[in-house]
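When you line the sequence shown up against our numbering, it's residues 66 to 326, in that order. Some notes on the structure that comes next.
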Amino acid sequence: MDALKENRGQAAVTDALYFLLIVTSISVFLFSFSNGYGNTVSAQIVQNYNSDFATDALKTILYSSTPRNPDSSIYGLSSEVEIDQLLAYVKEDYADKRSLTEKTMLILAQDINSIMAPLGDNFDYIFYLSVPRDQEDVRQKFIFIFFHKTNFENIGTGRFPNFVADDPPRTDLLCSIGENADFGTINNSLKDLIIRVGDTAQASAKITMVAEDEITFRPFETQADLVLWDATEVGSVPYFKSSEWCCIEAGIEHFDSSACR
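Right, here's the structure in full:
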């Protein structure tokens, strides 16, 4: 009888231990699931916010206004100053010589910089107009590339050795400048950049441009893209001034047509 009671007691203890093990396993699983789910939802909310901002920013860039006379200011306008959409101004300028003038590039760069200012301290971004495919008498090319990047310096200590540089903390670059800028090379560099920076928020829009031929103006398709990401170390300014990117700093007064070497 005593042996039977002892066996029953051992069985009860074993059952209790198994039950405790099952409850503990379920609790750990539920905690891990809820914690991971919360992080996933938080990351998705941030990603959706960034995507919405990219979409709205691209629309604002394409539909913003500018004085027809680039030397005039849009603020404190007199009745004599003519205002038009910036995109119309860009289209007209491109139609003349199938390229944008220095002044138009700088106006477009300033407009983009102002619109992206709310995120400019924490995010890097790149905006570009391109002819995505060969069309009749129009070859693939980048019409305009504006690159806002954060500059980092390596202090060589700690877990995170890279910190934002003091002077200057950020640089704005105009890329694909000069006759030697090659679409294929820059396009591959752009794809490599987007892969290296990690998660991105992107927005695209189709734009119909026109090019002047011998008789009239002929329409063709172009594409505007805006890509933004958390500020990340992707290379020094001199690297982007090389033949891989053909960039110059956006603040200069006159372009160097031999920027791409």
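Using N, Cα and C, we set each Cβ at its ideal position, and we do this for glycine too. Predicted, not measured: the structure shown is a model, and the values here were computed from it.
- prompt: Straight-line CA distance for Leu258 to Thr281?
  reply: 39 Å
Environment of Leu238 [buried if 16+ CB atoms lie within 10 Å]: buried
message: For Glu244 and Ser307, I'd like the C-alpha separation in whole angstroms.
response: 14 Å
query: Looking at C-alpha atoms only, which residue of Leu293, Ile87, Val299 is the closest neighbour of Ile177?
result: Sorting Leu293, Ile87, Val299 by C-alpha distance to the C-alpha of Ile177 places Leu293 at the top.
message: Please classify Ser90 as buried or exposed, where buried requires at least 16 neighbouring CB atoms within 10 angstroms.
response: exposed
query: What number of angstroms, rounded off, separates the C-alpha of Cys185 from the C-alpha of Val88?
result: Inspection of the sequence shows that residue 185 is occupied by Gly rather than by Cys. Approximately 49 Å between the Cα atoms of the pair.
message: Within a Cβ cutoff of 7 Å, which residues of the same chain sit near Lys156, ignoring the five residues on either side of it in sequence?
response: Met274, Val275
- request: Tell me whether Lys306 sits in a helix, a strand or coil according to DSSP, three-state version.
  value: coil
task: Buried or exposed for Ser50, please, with buried defined as at least 16 other CB atoms from any protein chain shown within 10 angstroms of its CB.
output: Absent from the structure is residue 50, since the part of the chain shown begins at 66 and ends at 326.
query: Taking DSSP as the reference, what is the three-state secondary structure of Asp80?
result: Reduced to three states, the DSSP call for Asp80 is helix.
message: Measuring only the C-alpha atoms, how far is Asn219 from Phe211?
response: 25 Å
query: Can you tell me the Cα-Cα spacing of Ser92 and Gln112, whole angstroms?
result: 30 Å
field: When Thr120, Phe96, Ser97 are compared against Ala289, the one with the closest alpha-carbon
entry: Thr120
- prompt: In whole angstroms, what is the alpha-carbon distance linking Asp117 and Ile272?
  reply: 20 Å
message: Mapping the DSSP letters down to three states, classify Gln288 as helix, strand or coil.
response: strand
- prompt: How long is the line joining the alpha carbons of Trp310 and Ala246, rounded to whole angstroms?
  reply: The straight-line gap separating the alpha-carbon atoms of Trp310 and Ala246 is approximately 8 Å.
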